[in-house]
Structures are given as C-alpha cells and as structure tokens.
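Undergrad:
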Amino acid sequence: MASAKFFSFALLLVLVLALADVEGYGIEGSGSLCCNTHPKFGKCNPSNDKERCNSWCLDGCDNGKGGYCKPTNGGQCHCYC
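Below is the structure:
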C-alpha cells in the first residue's frame, strides 16, 4: 500500500515539475524579439532595410543572430531563433 502512495506522489510531482518547466519557458521568451516576425518594424525591403532589421534584432534579442527581411506581406523584419 505504501508503494502505491509513493508511486502516486512521485508521478504527481513529475507532472507538476514538467508543467512548471513549460510555463517558465513561455514567460521567459515572451518579451524577446527572437524567432518572430515583426510587422511593427514597418515595411522591410531587403535591398534597403537589411542592415536596419539586422541591427534591430541584435538589439532586442539575446541570441546574437540578428534578423532579415522576410518577403511576406510586402516585407517584414524577422529575427532568427
């Protein structure tokens, strides 16, 4: 009987820790520019705005990878993951 209670407790503990880890990941990355396309940057033309987009992503993202002008919806700045 004690082993069933221990197993139930251990299983519950593992589930709680797994959910806490997932929740922490979402909160941690919510303010970052990384891995996202940013319409608020404005129109991003690869021939004119490549460096501006890259600098903007470098300033707002901790991974140091920068970004590029993604050719969707007239061009949008996208920061690398």
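Under mature numbering (1 follows the signal peptide of the UniProt record, and there is no 0), read the sequence shown as residues -24 to -1, 1 to 57, first letter to last. We put the beta carbon where it would ideally sit given N, CA and C, even for glycine. What you are looking at is a predicted structure, and each value in this text was computed from that prediction instead of being measured.
(1) Starting from the C-beta of C33, find all residues in its chain whose C-beta is less than 6 Å away, skip the five residues before and the five after it, and write them out in chain order.
(2) For a test of the three-state rule: what should DSSP assign to G51, helix, strand or coil?
(3) Give every residue of the same chain whose Cβ lies closer than 6 Å to the Cβ of N21, excluding the five residues on either side of it in the sequence, and list them in chain order.
(4) Classify C45: buried if its beta carbon has 16 or more other beta carbons within 10 angstroms, exposed otherwise.
(5) Give the single residue among S(-22), A(-21), C11 whose Cα lies nearest to the Cα of C37.
(6) Any idea if L(-6) is buried or exposed, counting beta-carbon neighbours within 10 angstroms, 16 or more meaning buried?
TA: With the given structure in hand:
(1) The residue given as residue 33 occupies position 57 in the sequence shown. Here the set comprises L9, G42, G43, C55.
(2) For the purposes of this step, residue 51 is taken as the residue at position 75 of the sequence shown. G51 falls in the coil class under three-state DSSP.
(3) Taking the sequence shown and counting its residues from 1, the one referred to as residue 21 is at position 45. Excluding positions up to five away in sequence, the list reads G51.
(4) Against the sequence shown, residue 45 aligns to sequence position 69. A residue is called buried when at least 16 other Cβ atoms come within 10 angstroms of its Cβ; C45 meets this threshold and is buried.
(5) As a first step, residue 37 must be located in the sequence shown, where it is residue number 61. The option with the nearest alpha carbon to C37 is C11.
(6) Position 19 of the sequence shown holds residue -6. Because L(-6) carries a pLDDT of 49, less than 50, the predicted location of this residue cannot be relied on, and the following value inherits that uncertainty. Taking all protein chains shown into account, L(-6) has fewer than 16 neighbouring C-beta atoms within 10 Å of its C-beta and is therefore exposed.
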